[in-house]
Amino acid sequence: MLQDLANFIDAENSDNVIKVIGIGGGGNNAVNHMFKQGIHDVDFIICNTDAQALDASPVPTKVQLGASLTEGRGAGNKPEKGREAALENIEDVKKALKQNTKMVFVTAGMGGGTGTGGAPVVAKACSEMDLLTVGIVTIPFKNEGRKRL
84 MLQDLANFID AENSDNVIKV IGIGGGGNNA VNHMFKQGIH DVDFIICNTD AQALDASPVP
144 TKVQLGASLT EGRGAGNKPE KGREAALENI EDVKKALKQN TKMVFVTAGM GGGTGTGGAP
204 VVAKACSEMD LLTVGIVTIP FKNEGRKRL
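Just add 83 to the spot in the sequence shown (first one is 1) and you have this note's numbering.
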C-alpha cells in the first residue's frame, strides 16, 4: 500500500489554474483543513516524506518525497534531509503542477525537516516553471525554542 502511494499523482483530473501545495506536516495540516472546508476552484496537493501522513490525508493528489532516502518515515526534523527528499521527487511535484496551473501557493511549517528543507526546493521549481508563486509559512512559537528554527 505505501509503495503504491509513493507514485500516486492525480494531476490529470485537475483543471483549476490555482494550486495550493502543502509541504511537510505543517503544510499538509493546512491543506487538509482547506480541503475539508470544501473550497472550490482550487486544486490541493500534499507532499511529505511521511508515508503514513500521506495515507491518512483526504487530499487526492499526493507526492511522497524521498521514499528511498527516508523509507517513508519522515525527515526527522533535519531540513537538509527534507531538501534532499524534495530534490529526489521534484519531477513528480512538477508533474502534479503541469496541467493548466498559473498560480501556486506553497505552504509549510518552518520548524521541522520536510517543510523547512523542501518548501524552498518546491517554490524554486514553481518559479522556474513561470508560475506565480506565493509562500505561506509558519514559524515555531517562542516557547518551542530556537532549536526548532
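Ideal Cβ positions, reconstructed from N, Cα and C, are used throughout, including at glycine.
Buried is the label assigned to I173, since at least 16 other Cβ atoms lie within 10 Å of its Cβ. Excluding five sequence positions before and after A208, the CB atoms of its chain that fall closer than 7 Å to its own CB belong to I173, V176 and K177, given in chain order. Taken in chain order, the complete beta strand (DSSP E) segments of 3 residues or longer contained in the region 108-138 are 126-131.
C-alpha of G157 to C-alpha of A134: approximately 8 Å in a straight line. Residue environment: N111 is assigned as buried (16 or more neighbouring CB atoms within 10 Å of its CB, all protein chains considered).
In the three-state scheme derived from DSSP, where H, G and I count as helix and E and B as strand, I173 is classed as helix. In this structure, DSSP gives T190 an extended state, which the three-state scheme calls strand. DSSP, read as helix, strand or coil, puts T221 in strand. Of the candidates E167, V100, N99 and F118, the residue whose Cα lies closest to the Cα of T197 is E167.
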